[in-house]
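Only one structure is covered here, and it is reproduced in the block below.
In the numbering used here, the protein residues as written are 911 to 1308.
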C-alpha cells in the first residue's frame, strides 16, 4: 500500500470514529446529559461510567463482525435468520427518523442562538446544510471531514465551559466509583443514546463503503471503534462536569432548554453563544450520521434505494426537516427515543454475537471468547433494564 493510500485509509478510519461519536453527540445527548446531571448530581458520573463500559463492549463486538463479514448489519441479520434483517432495518430506520427530527430542530435552535434567526428559517437552513453534504461528489470524504472538525470543535468549546463552571471534581469521582443510588433508566437511556439504534452501525457501515474490511484490517477497525467511543466519552464527561458545576452552585436550570441555561450560567453571554455553536455542530453532524446510517440499512434490501442512495438520503433529510417545521419535537421526546434505542440494542447486538460464531458469515475467524461473553452480558442486562424502564418511559411521556 502506498503512503498516499495509507494516509487516505487513516483519514477514513478517523472519520468513521468521529461519525460514530458525533452521531451519538446530538441534541438528545446534550439534553439527556444536562437533565440527568441536574436530577442526579455527582451520581451521574456512575451512569456515565457504566454506559461507557457497556457501550464499548457493544461497539467493538458489532464493528468486528461487520469488518470480518464484509457486510452491513441488515445483511448479517438476514443470514442469521431470514427476514430478521428487514425487522432490524425497519426498527433502526424508524429510530433514525425520530432522532433526525430532533437533530434538525436542535441544529435550528443552535443557529437561532448564534444569529437570531427565526426558528423555522434556521431549521430549514440546517436541512439545506445536510443536503449540501450529500450532494458533494466525494460524499464520503466530505462526511469524514465534517464529522472530525465538528467533533474537535465541540471538545474545545465544552472544555472551556467546564473550566468556567468550577465543578466539584472530588465529589464527582467518588460518586462515579461508589454511587449512592443505581439509576437504571438513566443508564439505559445513555447506552441507547451512545450506541443504540443506528449509532453503533454508523462508523462500521462507513468502513464497509470504503472497503476497509477483512481480517487484515481488524486491528485498525478496533482502534477506530475505540477512538469513536473515546471522543463520545470525553464530550460526555466534560458536559457532565460543566453542568455539575452549575447545579452544585445552587443554580436552577430552565426546564425548557436546560443545556442552554447551564452554559449561560457558567460563562455568561459567551457561554450562551458557545451553547449555540455546540448545539449546531452536534445536531448537524447527527443529521448527517442518522441519515447516512438509516439509509444504509435499507439500501441492500430495497433496490430503488440501493440504486439512488444519495437521493434517498437527501429525501430522508427533507422529510425530517419538514416534520420538524410543521409538527415540532418536544425536548422530552429526545430522552424517550434514547431509551427506546436502548431497547433495540439487545436485538441488534445479540444478532451480531450469533453471527460471530457462524462460519457461513465470518468464515474461519475466531471471535474472542471474552468479548463474546461480555457481549451477552450487555445483551442480558440491557434487556432486563429495558423491560424495567418501560414504566419509566411511560411516566416520562405522561
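The C-beta atom is built at its ideal place from N, Cα and C for all residues, glycine as well.
Does the Cβ-Cβ distance between residue i and residue j come in under 9 Å?
i            : j            : result
residue 919  : residue 1122 : yes
residue 1280 : residue 1263 : no
residue 1211 : residue 1110 : no
residue 1292 : residue 1149 : no
residue 1061 : residue 1141 : yes
residue 956  : residue 1087 : yes
residue 1144 : residue 968  : no
residue 1082 : residue 1163 : no
residue 961  : residue 1200 : no
residue 936  : residue 1012 : yes
residue 1147 : residue 1067 : no
residue 1074 : residue 1170 : no
residue 1387 : residue 983  : Residue 1387 falls outside the range modelled here, since the chain spans only 911 to 1308, and no answer is possible.
residue 1160 : residue 1173 : no
residue 1134 : residue 1284 : no
residue 1198 : residue 1056 : yes
residue 1014 : residue 1050 : no
residue 953  : residue 1045 : no
residue 1229 : residue 1007 : yes
residue 1052 : residue 1043 : yes
residue 948  : residue 1168 : yes
Looking at the unbroken alpha helix (DSSP H) that takes in residue i, where does it start and where does it end?
i            : result
residue 1130 : 1128–1158
residue 974  : 954–979
residue 1087 : 1079–1087
residue 935  : Careful: residue 935 lies outside any alpha helix (DSSP H) and carries neither H nor E.
residue 1004 : 994–1025
residue 1115 : 1109–1120
residue 1202 : 1168–1206
residue 1048 : From DSSP, residue 1048 is part of no alpha helix (DSSP H); its letter is neither H nor E.
residue 1221 : 1219–1236
residue 989  : 983–990
residue 1028 : First-last for residue 1028: undefined, no H or E at that position.
residue 1276 : No alpha helix (DSSP H) contains residue 1276, which DSSP labels as neither H nor E.
Closest to residue i by CA distance: which of the options is it?
i            : options                : result
residue 992  : 1006, 1265, 963        : 1265
residue 1289 : 1275, 1268, 1277, 1261 : 1261
residue 1005 : 1226, 1236, 954, 1277  : 1226
residue 1294 : 1186, 1131, 1042, 1094 : 1094
residue 946  : 1018, 1232, 1098, 1133 : 1098
residue 1071 : 996, 1179, 1117, 1134  : 1179
residue 1089 : 1047, 959, 1116, 1026  : 959
residue 1115 : 950, 979, 1030         : 979
residue 1024 : 1185, 1125, 990        : 1185
residue 1232 : 1117, 1078, 1029, 1043 : 1029
residue 1267 : 952, 1078, 990, 948    : 990
residue 951  : 1237, 1078, 1108       : 1078
residue 1117 : 1234, 953, 972, 1275   : 972
residue 940  : 1008, 963, 1017, 965   : 1017
residue 1048 : 1278, 1220, 1271, 1297 : 1220
residue 1019 : 1166, 1126, 1085, 1213 : 1166
residue 1271 : 988, 1127, 1054, 966   : 988
residue 1010 : 1297, 1274, 1256, 1224 : 1224
residue 1274 : 1113, 1125, 1282       : 1125
residue 1256 : 965, 948, 949          : 965
residue 921  : 1131, 1215, 963, 1045  : 1131
residue 1085 : 1151, 1043, 1059       : 1151
residue 1209 : 963, 995, 1276         : 995
residue 1375 : 1157, 1278, 963, 999   : Because the chain in this structure spans residues 911 to 1308, residue 1375 falls outside the shown range and cannot be described.
residue 999  : 1217, 1113, 1108       : 1108
residue 1254 : 1234, 1217, 1297       : 1297
Are any of the Cβ atoms in chain B nearer than 9 Å to that of residue i?
i           : result
residue 980 : Protein chain content of the structure displayed is limited to a single chain, and chain B is not contained in it.
Is it the case that the CB of residue i approaches a heavy atom of the ligand ZN more closely than 8 Å?
i            : result
residue 1031 : Annotation note on the ligand ZN: not contained in the displayed structure, which lists no ligands.
Quiz item: Do the stretch 1028–1040 and the stretch 1193–1202 meet, that is, are 3 or more Cβ pairs less than 8 Å apart?
Solution: yes
Practice problem: Determine, using beta-carbon pairs with one atom in the stretch 1128–1142 and one in the stretch 919–931, whether at least three such pairs fall under 8 Å. | Solution: yes
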